[in-house]
Structure formats: structure tokens, C-alpha cells
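Position 215 of the sequence shown, counting from 1, maps to 215 under UniProt numbering, and the rest follow consecutively.
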Amino acid sequence: MGAAATAVRGFTADLYRALASTRASGNVVCAPYSVGLALAMTRAGAGSTTADEMDAVLHAPNPRPGALDSGLNTIDQVLADRYQDGDGIARPLLTTANALWTRLDLGLRPGFQDTLAGYYGAAPHPVDFRGAPEATRQQINTWVSDRTNAKIPELLPSGVVGADTSLILTNTTYLKAAWRYPFNAMATATAPFTRDDGSVVDVAMMRGPFDAMGYLEGDGWRAVDVPFAGDGLGMAIVMPTRDDLAAVEANLDVAWLGALLAGFRIATVELRLPRWAFRLPAELAAVLSSLGMPTAFTSQADFTAMSTDPALCIDDVMHETFIAVDEKGTEAAAGSAVIVRPPSVPQGPQFFVNRPFLYVIHDWFTGVPLFLGRVHDPLVTGP
Numbered sequence: 001m002g003a004a005a006t007a008v009r010g011f012t013a014d015l016y017r018a019l020a021s022t023r024a025s026g027n028v029v030c031a032p033y034s035v036g037l038a039l040a041m042t043r044a045g046a047g048s049t050t051a052d053e054m055d056a057v058l059h060a061p062n063p064r065p066g067a068l069d070s071g072l073n074t075i076d077q078v079l080a081d082r083y084q085d086g087d088g089i090a091r092p093l094l095t096t097a098n099a100l101w102t103r104l105d106l107g108l109r110p111g112f113q114d115t116l117a118g119y120y121g122a123a124p125h126p127v128d129f130r131g132a133p134e135a136t137r138q139q140i141n142t143w144v145s146d147r148t149n150a151k152i153p154e155l156l157p158s159g160v161v162g163a164d165t166s167l168i169l170t171n172t173t174y175l176k177a178a179w180r181y182p183f184n185a186m187a188t189a190t191a192p193f194t195r196d197d198g199s200v201v202d203v204a205m206m207r208g209p210f211d212a213m214g215y216l217e218g219d220g221w222r223a224v225d226v227p228f229a230g231d232g233l234g235m236a237i238v239m240p241t242r243d244d245l246a247a248v249e250a251n252l253d254v255a256w257l258g259a260l261l262a263g264f265r266i267a268t269v270e271l272r273l274p275r276w277a278f279r280l281p282a283e284l285a286a287v288l289s290s291l292g293m294p295t296a297f298t299s300q301a302d303f304t305a306m307s308t309d310p311a312l313c314i315d316d317v318m319h320e321t322f323i324a325v326d327e328k329g330t331e332a333a334a335g336s337a338v339i340v341r342p343p344s345v346p347q348g349p350q351f352f353v354n355r356p357f358l359y360v361i362h363d364w365f366t367g368v369p370l371f372l373g374r375v376h377d378p379l380v381t382g383p
């Protein structure tokens, strides 16, 4: 479990930095744990270079891939034991769910099915991608919505599921948690908030009493760890003290993130925290390719351990995250979907040789024409 947790932190840091770089300004939110689970399920069907690249991006521990599968399973079981029966008030409610949606006639490898069922609880759901792609898209979206309290109502937008879709692997993650020390709504007041560009906006600023919570100072930043009720979950909030937030984000890696989450010491903190709510849908194919797994998205992808179909690749990875923070607590939800289909046939100009034509046999290196001729009638064999 420890090695898998380190892997999740590494993937979290990489994915956040890459996603944030595509949004130089503005809010960002993502759930790398959700994306990581969906990708780990997909990796269970990968081989050769495709598998190696996915292992590297996922920071998969050795031995690969078994250590990642078993480690993620253990993490998920620990989280389920602690939080899946929570009420979201006295104790956090945290749930995850995985599913595999397959074309009706798709042949799956037994080993792939066993891994998904045994480690991820994802049994195949045969669906009619070919005959009813839109109905199938709505079916998957309903499954996601039902498991995220309707906070992710349309993970798969119109057009991403087609008749050529072979399978989709989905994950949902949902959290509802009350603060251990709720803010008094009557104390919330308008207060200035200074953006990185120096502009100032007025926001609804929540005000809490002096409370005991995690506190940590680092090079150019300081942080608090705001606890949720029931013990076990907290929201770490990092604020720059010297430069803008981009300077802090530039140092965000697996070591920095691990040191942050393990470094908090209890202190009495007077907290002021703005209310906010934000939703971010994202297509992650380009981001994940840039992180080091480009082959999975090309015709050179190797998913032969997944299916008997000769050629499959990842078409896209869809991800959407929602978060709302107020005086009572936090509600957050995420959905991730890995869409797999055969590689697209490249589109180009049509060239039908159905009229008389000239031909030149030539050497590419020297540019010398060796034979030149014309064909007026392909059936004529001599003068």
C-alpha cells in the first residue's frame, strides 16, 4: 500500500502540473486518484512499449504491474472501510466505483477480466456501441451521475461515443464531508481577495474561531490542514508568502507533496477561507501524452492483453471534477473515462487510377528517371 500511495502522489503531482500549465490563469481542479484508477485498469490490458510508458506515467512500483494493482486495491479497501458508510456530517462519506463497458461482440482476454474484477471490482457491462452509441453514452453518463450525487451529470459529451467504440473504462469518486469546526454562516462577510496579477475582487470570506489544526511553513509558502469531522480527512491549503502561486506550483513533485502531507504540526489557527464552487471538464489525451505515454494513443499501441481484437488504442481520456466549499463542509465529485477504439484510418485525397496515365520509374536517391511510359489501355500487352 505504501508503494502504491507514493505512486498516486507522484502521478498527482505530474498530472496537476501538466493540467495547470494548460490553464495559465484561472481555477484548476482535478482528481488524479480517479484518473489513475481508470488508467491502471487500462494498463492491465497493455503490453510492450505501451505498458512501459503507462507504468512510468503512473509511477508504478515493482514488480509491475502486480504491485500497482494490489496496492491500489488495498488503498481502496482501506478508504472503503473508513468512509463508505459515512453520513457526510459526523463522518466523511467517500465512495469510488469502477466499471468496464464493452462492445457486444468484443472478445476480452480472461487475464484482463480477472484483474479488473479481482482488483478493481469492475465487471464487464456489454453495451450496443455499434447499434445505439447515443443511448449507450447516456447509459454510462447515468451510471456516473448516480454515483456522484448528480454532480457529474455528463462525463461523456455528445460525439465522444461512436459506433466504432470498443470499450470504455470508468471510475467515479465522490466525497461529502463536514468540517470538524464548522464556520458560522452569520460571520461570513465580504472581503478583498488579491489575484496573482494584483487585481482585487470582493469574495464571501468565511470566518472561523481559533482552532487546532495542522500548520506548516516552507520556502516561500505556508499551509494549513483543515480537518473534516470524524478524523482522517483534511484539506491542505497552501498559500505563497513571497512570490505568486506559480512559483510554488513549479516545485510541486512527489517529494514536495509527500513532505507537505506528512509535515503538518498541530497549532491554533485563526482561519479565513473564501467560499467557492468550481467545475472543470478536461480531455486528457494530450496531457497524458506529454507526461510520457504517447504510444497508447496511436496505431502502435499494444493492448493485446486486453482483447482478441487485433488493434486497439486509447481515443481519449475524459475527466470532470466538481468541488463546492462552504461553511458546513465540502462536496466533491469526479468521473474519469478511458475510451478505447480501433485506430482511425487516416483521411487523405482519393486517387482512383481509372483513366489513361503516365508513369515514371525513378531512383529516389539520385532523382534519375529510369523508365517512363503511358498506359492507354491496361488490357493491351503488345504493339
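Glycine included, every Cβ here is placed at the ideal spot set by N, Cα and C.
Sixteen is the threshold: since fewer than 16 other Cβ atoms of the shown chains lie within 10 Å of the Cβ of ARG242, the residue is exposed. Just so you know, the alpha carbons of PHE183 and LYS328 end up roughly 7 Å apart. Close CB contacts of ALA38 within its chain, under the 6 Å cut and outside five residues either way in sequence, are with LEU169, ASN171, SER336 and VAL338 (chain order). Measuring C-alpha to C-alpha distances from LEU15 to each of ALA46, THR50 and HIS59 identifies HIS59 as the nearest. A distance below 8 Å separates the beta carbons of LEU94 and GLN84. Between the C-alpha atoms of VAL200 and ALA189 there is a straight-line separation of about 16 Å.
For VAL28, no beta strand (DSSP E) run applies, since DSSP gives it neither H nor E.
Pairing ALA262 with ALA229 gives a Cβ-Cβ distance that is not under 8 Å.
In summary, TRP276 is exposed, with fewer than 16 beta-carbon neighbours lying within 10 Å of its beta-carbon over all protein chains present.
Within the same chain, Cβ atoms closer than 7 Å to the Cβ of LEU116 are found at MET41, ALA44, LEU100 and ALA122, the five residues on either side in sequence being excluded. The three-state secondary structure of GLY214, taken from DSSP, is strand.
Per DSSP, the unbroken beta strand (DSSP E) holding THR321 starts and ends at 313-325.
DSSP places THR102 within a strand segment (E or B) once states are collapsed to three. Fully contained in the region 136-200 is no alpha helix (DSSP H) run of length 4 or more. Residue environment for GLY131: exposed (fewer than 16 other C-beta atoms within 10 angstroms of its C-beta). Non-local C-beta neighbours of ARG91 in its own chain, meaning closer than 6 Å and more than five positions away in sequence, comprise GLY230, ordered along the chain. Around the beta-carbon of ALA56, fewer than 16 other beta-carbon atoms lie within 10 Å, marking it exposed. For THR308, the closest C-alpha among the options MET54, ASP219, ARG9 and GLY107 is that of GLY107. Annotation for ILE75: no beta strand (DSSP E) segment contains it, though the alpha helix (DSSP H) segment containing it runs 66-83. Contact annotation: the region 311-329 touches the region 155-170, with at least three C-beta pairs closer than 8 Å.
With contacts defined as CB atoms closer than 8 Å, GLU270 and ARG17 fail to qualify as a contacting pair.
Rounded to whole angstroms, the separation of the alpha carbons of SER34 and ARG82 is 18 Å. Sequence-distant Cβ neighbours of THR50 in its own chain, meaning closer than 6 Å and more than five residues away, are THR295, ALA296, ALA301 and ASP302. If you look at ASP225, you'll find it in the beta strand (DSSP E) that goes 221-227. By the 16-neighbour rule on beta-carbons within 10 angstroms, PRO227 is buried. Residue environment analysis places ILE237 among the exposed positions, since fewer than 16 neighbouring C-beta atoms fall within 10 angstroms of its C-beta. The DSSP-derived three-state label of ALA204 is strand.
In the DSSP assignment, ALA51 falls outside any beta strand (DSSP E) and lies within the alpha helix (DSSP H) extending over 48-57. Residue pairing from DSSP places MET239 in a beta bridge opposite ARG222. Shortest Cα-Cα distance from ALA13 to any of PHE322, CYS30, ASP377 and GLY2 involves CYS30. Nearest in C-alpha terms to ASP87, of all of LEU288, ARG195 and TYR174, is TYR174. Under the three-state reduction of DSSP output, ALA305 falls in the coil class, being neither helix nor strand. Membership of PRO110 in the alpha helix (DSSP H) is indicated by the continuous run 110-120. Across the set MET306, PRO310 and PRO124, the C-alpha of PRO310 shows the shortest separation from the C-alpha of SER299. In the three-state scheme derived from DSSP, where H, G and I count as helix and E and B as strand, ALA5 is classed as helix.
Beta-bridge annotation (DSSP): PHE278 is paired with ILE323.
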